[in-house]
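Everything on this sheet refers to the single structure shown next.
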Amino acid sequence: MSKFIKLTLKFVSFLCITIFLVFLIFTFNYRSYNDYHYNSPEEFFNSESFSWYVNIFPKSANNIFLRAFIETNEMIVVFDVNKTDEIPISQFYKVASIDRGMAFLKDVNIPGSKKQYFLEGGNLNLYCYIYQNQFPYLVSRSDSENNDIAHYIFISLRTDEVPELCQ
């Protein structure tokens, strides 16, 4: 009888550990993001991630990087655009504090190579953008060393982040 109890306890322990490990794997797999790279807006529009679309891309947009966070439905879009085809500044709102905006931008979960344009250089602009009056974004615009190109990053904001970042 004692052997049976020990064997049962070992089996139950093994089963519990296995279930716990499977739970951890699913939990961390669920809390992930997907990265997408596109060369043009047309390529993006014809992709599976078109549902993440925000009508912001000028025709000359290129080098589009999209990070979609699965568990929160947030997104980050980084792209380049010719200055002759830029997004009109009249569509943007001022940020409440450049320092808060920069701190938020530094904490963004994207590769450093994608946000280097927005953390370095002197010609950096921070804005807020509200798409269809319900989807808020922090926008950063930076000029490249080549004066013909501007870099943009659009970061979706949660509703609790809007009051501290946007006016």
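So for the sequence shown, UniProt numbering puts the first residue at 1; every next one is plus one.
Each residue gets a CB set at the ideal place from its N, CA and C atoms; glycine is no exception.
Quiz item: Where DSSP assigns a beta bridge to residue 177, which residues make up the other side?
Solution: Nothing in the structure corresponds to residue 177, since the chain is present only between 1 and 167.
Self-check item: Classification of Val12 by the beta-carbon crowding that lies within 10 angstroms, buried from 16 upward
Solution: exposed
Practice problem: Return the bridge partner residues of Glu74 from the DSSP annotation. | Solution: Phe69
Exercise. Indicate, with yes or no, if the ligand FAD has a heavy atom lying under 7 Å from the CB of Met102.
Key: In the structure shown, the ligand FAD is absent, as is every other ligand, since no ligand is present at all.
Exercise. Can you check DSSP and say which residues form a bridge with Leu126?
Key: Ser140
Practice problem: Would you please verify whether the beta carbon of Leu165 is less than 8 Å from any beta carbon of chain C? | Solution: Absent from the structure is chain C; it holds one protein chain and no more.
Quiz item: What is the C-beta distance between Tyr33 and Ser47, in whole angstroms, given that I count them as a contact (C-beta under 8 Å)?
Solution: Not really, about 16 Å apart at Cβ, beyond 8 Å.
Exercise. Pick helix, strand or coil for Asp160, following the three-state DSSP scheme.
Key: coil
Quiz item: Tell me, which residues are paired with Lys94 by DSSP?
Solution: Tyr127
Exercise. Return the chain-ordered list of same chain residues with a C-beta closer than 6 Å to the C-beta of Leu7, the five sequence neighbours on each side being excluded.
Key: none
Exercise. Measure the beta-carbon distance from Leu157 to Tyr137 and round it to whole angstroms, keeping in mind my assumption that it falls under 8 Å.
Key: 6 Å
Exercise. Tell whether a beta-carbon distance below 8 Å holds between Glu86 and Pro58.
Key: yes
Quiz prompt | Extent of the continuous alpha helix (DSSP H) run through Phe44 | solution = Pro41 to Phe45
Quiz item: Between Phe154 and Ile25, which are expected to be in contact by the criterion C-beta below 8 Å, what is the C-beta distance as a whole number of angstroms?
Solution: Not a contact, Cβ separation roughly 32 Å.
Quiz item: What's the C-alpha gap between His151 and Lys83?
Solution: 9 Å
Quiz item: What residues match up with Cys166 in a beta bridge as DSSP calls it?
Solution: Val95
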